[in-house]
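Taking it in order: structure first as structure tokens, then the write-up.
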Amino acid sequence: MVTADNQQEGINTLVAQSDSDLTGAFQALNEALTSAGRILLSTHENPDGDGLGSLLAMCEYLKSLGKDCRALITSPMPEPYRFLDPHSWVERFDATRDEAWLAGCDLALDFDLADFRRLGAVGAALKRHAITLATIDHHPPAAYNHGEQEPDYSYVVVDSNAPAAGLLVWRFLKIYSQSPLTATMAQALYTALVTDTGSFKYDNTNVEAHQMAIDLLETGLRPYEIHKQIFERRSHTQIRLLGKLLENIEYSDDQSIGWCVLTAEHLAQVGARLEDIEGFSEFIRAIDGVEVAALITELTPERTKVSLRSKGRVSINDVAKRLGGGGHAFASGIVMEKPWRQVLELLLPLLEAKLAGHGKSG
Ligand SMILES: [Mn+2]
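Next comes the structure, spelled out in structure tokens:
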């Protein structure tokens, strides 16, 4: 159901709840984009294929409409996704250079965000200048961390059944774009889709994911060319880090929980960076008998990142939320301001309790 709260206080908020009828929300967003002159696009810190693919497809569309549109993110552009951005539209936000431009925006549209804090410096600047906010997302509302600092969104397009935010962008473009998808748009959207569905493997893969794939392939897109760019570019550093992971996987007594701690020292020993860890938590989940996988990464002595993955018997985003994070039912994350040992002590009992409540064997 689409509910419109736009009668209240002049706020035009449209929220779709757990189904895919986004007609009203899309329409409101389309009107906002059409009337805006200057539009900022962004996505979360450490952006992934979904955030960047969604953003770049929309960026190309808006530029084709003649909009003064820029893509500013709080993190550097990750190397594996540079091929999506032949014109280098994605820029790392630089307050000195960009704040004056940002202050003149009519609208800021973010993708795949879930938590406003994940906009980093871009979000802080948007708040300073009270820019009108819009989001296209597929995180379940329960995963949202509405801190006190969370600003009001004027346009909300959220469908938690969508396997990727990019699927919502694809739907939007199929309705409103007057021209067919270009090769670069199709490539960006396909990347969003394959990264968030684990190449059509994960539980979120549905009929529409495949319908979208058909539509994108009909533009002439070559899936393997994209697959190679994203999934077959493991660096030697990454393989050495994978070695560290394999040496350090631990299990609960019944082996239903598998976890690994990668410390700053492990990373330093092989010369790896944090982005080299991408995909490792799925690797632990793939082990026979493991129901829940946790990858604990030491960011600093006082800051720890946790990636949680579930095989589907139990959801883990409630555990993530209890510790201050969030995400999808079977793929969630947390960044905690604690040393990794403390994080592990808090996390493991919560996961054990979760699995105990669902029967550990069978
Ligand atoms: Mn996503």
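Quick note on numbering: the sequence shown equals residues -3 to 358 in our numbering.
We put the CB at the ideal spot given by N, CA and C, even for glycine.
The structure presented is a predicted model; accordingly, all values stated were derived computationally and were not measured.
ask   = Which residue or residues does DSSP assign as beta-bridge partners of Phe107?
value = Under DSSP, the beta-bridge partners assigned to Phe107 are Thr39 and Ile132.
Between which two residues does the alpha helix (DSSP H) holding Leu29 run?
According to the DSSP assignment, Leu29 belongs to the alpha helix (DSSP H) that extends over Thr19 to Ser31.
- Task: May I ask you to check if the CB of Asp192 is nearer than 7 Å to at least one heavy atom of ligand 1?
- Result: Distances between the C-beta of Asp192 and the heavy atoms of ligand 1 include at least one below 7 Å.
Quick one: give me the first and last residue of the alpha helix (DSSP H) that Ser277 is part of.
-> Unbroken alpha helix (DSSP H) run through Ser277: Phe276 to Arg281.
- Given 8 Å as the limit, is there contact between the stretch 39 to 55 and the stretch 72 to 87, that is, 3 or more CB pairs closer than that? Verdict: yes, contact present.
Whether Ala130 touches Leu25 by CB criterion (8 Å): Note that the C-beta distance between Ala130 and Leu25 is below 8 Å.
Going by other Cβ atoms of all chains shown within 10 Å of its Cβ, with 16 needed for buried, is Ala290 buried or exposed?
-> Burial is judged here by how many other beta carbons sit within 10 angstroms of a residue's own beta carbon; Ala290 has at least 16 and is buried.
Could you name the residues that DSSP lists as bridge partners for Ala290? Paired residue(s): Trp255 and Leu304.
- Query: Do Val165 and Asp133 have their C-beta atoms within less than 8 Å of each other?
  - Reply: Between Val165 and Asp133, the C-beta spacing is not below 8 Å.
Pick out whichever of Leu342, Ala327 and Cys256 has its Cα sitting closest to the Cα of Leu238. If we check each option's Cα against that of Leu238, Cys256 comes out closest.
*What whole-angstrom Cβ distance do Gly216 and Ala179 have, given they're in contact under 8 Å?*
Confirmed, Cβ separation roughly 7 Å.
May I have the straight-line CA-CA distance separating Gly329 from Arg318, to the nearest angstrom? Here the C-alpha atom of Gly329 lies approximately 11 Å from the C-alpha atom of Arg318.
Any non-hydrogen atom of ligand 1 within 7 Å of His223 CB: For ligand 1, not one heavy atom lies less than 7 Å from the Cβ of His223.
| Taking Cβ to Cβ, would you say Ala209 is nearer than 8 Å to Leu177? | No, these two residues do not count as a Cβ contact at 8 Å.
Query raised in the report: Anyone know if the C-beta pair for Ser150 and Pro136 falls short of 8 Å?
Result: In this structure, Ser150 lies away from Pro136, with their beta-carbon atoms at least 8 Å apart.
**Q.** Contact set for Asp102: own chain, Cβ-Cβ below 6 Å, skip 5 residues either direction
**A.** Excluding residues within five positions, the ones whose Cβ falls inside 6 Å are Ala32, Gly33 and Arg34.
Would you mind working out which of Ser303, Gly322 and His324 sits nearest Lys336, comparing C-alpha positions? The residue asked about is misnamed: residue 336 is Trp in this sequence, not Lys. Taking the Cα of Trp336 as reference, the smallest distance to any Cα among Ser303, Gly322 and His324 is reached at Ser303.
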